[in-house]
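To start, the structure under review is shown below, and the notes come after it.
There are 2 protein chains.
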Amino acid sequence: LANQIFETCNRIKPVDSTWQGAAAARQLTLTKPPGSLGQLEVIGNRIAAILGTDKPQIKNKRIYVIAGDHGVTEEGVSAYPRDVTFQMVMNFLNGGAAINVLSRHGGIEVKVVDAGVDYDFPAHDQLMDRKVARGSANFAKQSALTAEQTSRAIIAGIDLAQDAKRDGVGIIGIGEMGIGNTTSASAITAALTGYPPKDVTGRGTGVDDKTLAVKIAVIERALERHSPKKNDAIDILSKVGGTEIGVMMGLAIGAAAEGLPIVADGFISTAAAALAVAFCPTVADYLFVGHRSEEQGHNKLIAYIGAKPILDLGLRLGEGTGAALAMHLLEASAKILCEMATFGEAGVSDKES
Amino acid sequence: LANQIFETCNRIKPVDSTWQGAAAARQLTLTKPPGSLGQLEVIGNRIAAILGTDKPQIKNKRIYVIAGDHGVTEEGVSAYPRDVTFQMVMNFLNGGAAINVLSRHGGIEVKVVDAGVDYDFPAHDQLMDRKVARGSANFAKQSALTAEQTSRAIIAGIDLAQDAKRDGVGIIGIGEMGIGNTTSASAITAALTGYPPKDVTGRGTGVDDKTLAVKIAVIERALERHSPKKNDAIDILSKVGGTEIGVMMGLAIGAAAEGLPIVADGFISTAAAALAVAFCPTVADYLFVGHRSEEQGHNKLIAYIGAKPILDLGLRLGEGTGAALAMHLLEASAKILCEMATFGEAGVSDKES
Chain V
497 LANQIFETCN RIKPVDSTWQ GAAAARQLTL TKPPGSLGQL EVIGNRIAAI LGTDKPQIKN
557 KRIYVIAGDH GVTEEGVSAY PRDVTFQMVM NFLNGGAAIN VLSRHGGIEV KVVDAGVDYD
617 FPAHDQLMDR KVARGSANFA KQSALTAEQT SRAIIAGIDL AQDAKRDGVG IIGIGEMGIG
677 NTTSASAITA ALTGYPPKDV TGRGTGVDDK TLAVKIAVIE RALERHSPKK NDAIDILSKV
737 GGTEIGVMMG LAIGAAAEGL PIVADGFIST AAAALAVAFC PTVADYLFVG HRSEEQGHNK
797 LIAYIGAKPI LDLGLRLGEG TGAALAMHLL EASAKILCEM ATFGEAGVSD KES
Chain Y
497 LANQIFETCN RIKPVDSTWQ GAAAARQLTL TKPPGSLGQL EVIGNRIAAI LGTDKPQIKN
557 KRIYVIAGDH GVTEEGVSAY PRDVTFQMVM NFLNGGAAIN VLSRHGGIEV KVVDAGVDYD
617 FPAHDQLMDR KVARGSANFA KQSALTAEQT SRAIIAGIDL AQDAKRDGVG IIGIGEMGIG
677 NTTSASAITA ALTGYPPKDV TGRGTGVDDK TLAVKIAVIE RALERHSPKK NDAIDILSKV
737 GGTEIGVMMG LAIGAAAEGL PIVADGFIST AAAALAVAFC PTVADYLFVG HRSEEQGHNK
797 LIAYIGAKPI LDLGLRLGEG TGAALAMHLL EASAKILCEM ATFGEAGVSD KES
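Order-wise, the sequence lines are chains V and Y.
Residues 497 to 849 in our numbering are what the first sequence lists, from first letter to last.
Residues 497 to 849 in our numbering are what the second sequence lists, from first letter to last.
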């Protein structure tokens, strides 16, 4: 199993900077002062490099919302009961969650994936069953995932990226649902970046001071117990990760292998993306971070990846909501390169020199 | 003429904070942790107050792109020749400019308005002729606009807002084109806020150090010569403003009078909006600032208005481009209130207390 992950990683090609240069040159011919579209130009040029053209088109946007439960909720780290994970999955399937609203608004397809929810769902043609466990184990006491579960989660994500490519999807967003998963994401962030847990742990869905202290202490003890290897993403995922985080990590690796841009959402999906980058650094070429989350650990991950979040709206919901909003801007950036008139075409005088 | 402006101002009603409270209460019933959609909730609640409902709908988005020439270009303050104003108007009409691309992308109608371009346009059914002058006068030497031109520009904007209301438009964006108009906007900003010109003047479309120094000196001398009254928006507009800035000021006043949300774009449109707020403070209830511009004066105007820009993408193009992108988020904020399921509807457990 692990071999398949390494093989996928080895298939990822660095993006072709020739096209980034060609797009930057094209930007200068378009009817606007040089650089005046700021990040829209930077993003557009990156998409050009990913897609290998100076007129990149993004068609068929898709967000995978991956759900999984977390054994660490036994320690009392969340403001919501564990059942909310499966209840929210039903809400996603019924179209009533924030990610549904924002995806409909942005013309984005939503795919809901059960990576490890502790619930027997009724058969539903919109729910993708990729369950690798009925929730992770409590990482305060043992490894969150077995070696096999870890590999199966990542490979499930790689397969979902291949599905997307086959379906003609042009950009993939990743979002998640899992009560307790900010605790896992904080542990991953501490393990990857070396920051102490107190600097990368926040209030998640809104825990009080007492629960926050518990959360930090649980992570401190878990890192002490497991000593995950800083440079071994799979070891970190296995010891303190979760099923949905593994699938998202696989999606990031798989998307890059398929040559597709991928958009992380907030703290948890960026933790998964950071694991993917730790495992295959070239994933970073294909990765966008949709927004800057309110969770304090997010900034550490963003710096770790070397990314620049597109939006900064104080979001801290997850589900892919920030990725959905950012996709509108990513697509806009591509359309600028495709659809704007040049100075020559429009008969507009260029800058006086 | 001036009476009509005062009457419109007097028609503006402060928004009903009851509805802001009702929307905030509704946010707490929706299937997400309280406050987890950050600015999307803040914006949604403001739109609720403007529209007088806790389920606000925004239909039919429109951006007015207002063009005008500036006599102050005689002083050599811009990187582009004056002809670019009319050339870009033709580009807007042909659909090749950035605002056209971003508006098509966002499902926004674009209306192009000639407020004071120094050019005889051929008849074109998409160009709205509201010409109040063939460009403003050079404010380094005389008032930019006569008293009559000033009033006519503002009233043209008020009328455009009424047109929009009659056409069923639900939100108005304002953008502009006018070579030389960052010089005017900087002079307005200095006059309104009291900051010295060097602190509120930037590179506009990209002038070099030498031209920037000229630009600052021109503004310093103009403010000395004219001494516009700090608290008299119409005096400031007349002395150092411009035709398109007057129309945008009128649009902001008119939109508020019609009960419509209005979205300023970057530095120049925010200068116009700030004049509207200086004239009728209640305009601020209806006003959103689409993005934070790269122009240093913009932050001073944002603080003056007490606004929080929605996007921060390093844009400095104008035309309404930042307003167009922000409208996607404004509409998203409203849809969250309208379309999300409540905890009760979705059968999701609320926070443990």
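Heads up, the beta-carbon is just placed ideally off N, CA and C, and yes, glycines get one too.
Remember, it's a predicted structure, so these values are computed and weren't measured experimentally.
Cα-Cα separation between residue i and residue j, rounded to whole angstroms
i: Lys557(V); j: Ile741(Y); result: 38 Å
i: Tyr691(V); j: Val710(V); result: 18 Å
i: Ala519(V); j: Glu791(V); result: 34 Å
i: Gly534(Y); j: Lys637(Y); result: 48 Å
i: Gly840(V); j: Leu524(V); result: 12 Å
i: Met673(Y); j: Val561(Y); result: 7 Å
i: Ala770(V); j: Leu825(V); result: 22 Å
i: Leu811(V); j: Ala767(V); result: 16 Å
i: Ser849(Y); j: Ile670(V); result: Confidence at Ser849(Y) is low in this model, with a pLDDT of 48, below 50, so the placement of that residue should be treated as unreliable; the coordinate-derived value is given next. Straight-line Cα distance between these residues: approximately 31 Å.
i: Ala830(V); j: Asn596(V); result: 24 Å
i: Ile764(V); j: Met823(V); result: 18 Å
i: Ser845(V); j: Gly591(Y); result: 17 Å
i: Ser639(V); j: Pro693(V); result: 18 Å
i: Asp781(Y); j: Ile546(Y); result: 8 Å
i: Ala718(Y); j: Thr689(Y); result: 16 Å
i: Leu536(Y); j: Ala819(Y); result: 16 Å
i: Glu570(V); j: Val785(V); result: 31 Å
i: Arg662(Y); j: Leu656(Y); result: 10 Å
i: Thr685(V); j: His722(Y); result: 58 Å
i: Ser532(V); j: Leu526(V); result: 11 Å
i: Met745(V); j: Ala760(V); result: 10 Å
i: Asp728(V); j: Asp695(V); result: 21 Å
i: Lys509(Y); j: Phe775(Y); result: 14 Å
i: Gly666(Y); j: Glu815(Y); result: 20 Å
i: Arg578(V); j: Ala544(V); result: 42 Å
i: Gly676(V); j: Lys847(Y); result: 13 Å
i: Ile732(V); j: Glu644(V); result: 14 Å
i: Val573(V); j: Ser513(Y); result: 36 Å
Below-8 Å beta-carbon distance, residue i vs any chain V residue
i: Ala799(Y); result: no
i: Met783(Y); result: Met is not the amino acid found at residue 783(Y); the sequence shown has Leu there. Chain V contact via Cβ: absent.
i: Thr697(Y); result: no
i: Glu672(Y); result: no
i: Pro692(Y); result: no
i: Thr850(Y); result: For residue 850(Y) there is no data in the structure shown, the boundaries of chain Y being 497 and 849.
i: Asp877(Y); result: Since the first residue shown for chain Y is 497 and the last is 849, residue 877(Y) is missing from the structure and cannot be characterised.
i: Asp886(Y); result: What the structure shows of chain Y is the stretch from 497 to 849, and residue 886(Y) is not part of that stretch, so it cannot be assessed.
i: Asp808(Y); result: yes
Proximity test, Cβ basis, 8 Å: residue i and chain Y
i: Ser680(V); result: no
i: Ser765(V); result: no
i: Glu790(V); result: yes
i: Val844(V); result: yes
i: Glu841(V); result: yes
i: Leu771(V); result: no
i: Lys847(V); result: yes
i: Leu623(V); result: no
What residues in the segment 522-545 of chain Y have a beta carbon less than 7 Å from any beta carbon of chain V? Residues of the segment 522-545 of chain Y whose Cβ lies closer than 7 Å to any Cβ of chain V, in chain order: Thr527, Lys528, Pro529, Pro530, Ser532, Leu533, Gly534, Gln535 and Leu536.
Quick test of the definition: if touching needs 3 or more C-beta pairs under 8 Å, does the segment 725-738 of chain V touch the segment 755-762 of chain V? Flag = no, the segment 725-738 of chain V and the segment 755-762 of chain V do not touch.
Which runs of the beta strand (DSSP E) at least 3 residues long sit entirely within the segment 527-571 of chain Y? Give them in chain order. Fully enclosed beta strand (DSSP E) runs of 3 or longer: 557-564.
Quick check for students: name the residue ranges of the alpha helix (DSSP H) that lie wholly in the segment 731-778 of chain V, counting only runs of 4 or more. When DSSP assignments are scanned along the segment 731-778 of chain V, the uninterrupted stretches of alpha helix (DSSP H) that are 4 or more residues long and fall wholly within it turn out to be 739-753 and 763-775.
Using a Cβ cut-off of 9 Å, which residues of the segment 583-614 of chain V contact any Cβ in chain Y, in chain order? The segment 583-614 of chain V vs chain Y, Cβ under 9 Å: Gln583, Met584, Met586, Asn587, Asn590, Gly591, Gly592, Ala593, Ala594, Asn596, Val597, Leu598, Arg600, His601 and Gly602.
Do the segment 638-653 of chain Y and the segment 743-750 of chain Y make contact, defined as three or more Cβ pairs closer than 8 Å? By the Cβ test, the segment 638-653 of chain Y is in contact with the segment 743-750 of chain Y, since at least three Cβ pairs between them sit closer than 8 Å.
Runs of alpha helix (DSSP H) wholly within the segment 636-666 of chain Y (minimum 4 residues, chain order): As far as the segment 636-666 of chain Y is concerned, its whole alpha helix (DSSP H) runs of at least 4 residues are 643-662.
What are the residues in the segment 811-837 of chain Y lying within 9 Å of chain V by C-beta distance? If you check each beta-carbon in the segment 811-837 of chain Y against every beta-carbon of chain V, the ones closer than 9 Å belong to Leu811, Arg812, Leu813, Gly814, Glu815, Thr817, Ala820, Leu821, His824, Leu825, Glu827, Ala828, Lys831, Ile832, Cys834, Glu835, Met836 and Ala837.
Which parts of the segment 583-610 of chain Y are runs of the beta strand (DSSP E), unbroken and 3 residues or longer, counting only runs that do not cross its ends? With a minimum length of 3 residues, no continuous beta strand (DSSP E) run stays inside the segment 583-610 of chain Y.
Stretch-stretch touch, CB-based, cutoff 8 Å, three pairs: the segment 605-617 of chain Y with the segment 697-705 of chain Y: Between the segment 605-617 of chain Y and the segment 697-705 of chain Y, the count of C-beta pairs closer than 8 Å stays below three; the two stretches do not touch.
Taking three-plus beta-carbon pairs below 8 Å as touching, is the segment 560-575 of chain Y in contact with the segment 799-817 of chain V? Too few Cβ pairs lie closer than 8 Å, so no.
Name, going along the chain, the residues of the segment 640-659 of chain V whose beta-carbon falls closer than 8 Å to a beta-carbon of chain Y. Within the segment 640-659 of chain V, no residue qualifies.
Closer than 9 Å, Cβ to any Cβ of chain Y: which residues of the segment 700-725 of chain V, in chain order? Closer than 9 Å at the C-beta level to chain Y, one finds these residues of the segment 700-725 of chain V: Gly700, Thr701 and Gly702.
May I ask you to list, following chain order, the residues of the segment 552-585 of chain Y that have a beta carbon less than 9 Å from some beta carbon of chain V? Within the segment 552-585 of chain Y, the residues whose Cβ lies closer than 9 Å to some Cβ of chain V are Ser574, Ala575, Tyr576, Pro577, Asp579, Val580, Gln583 and Met584, listed in chain order.
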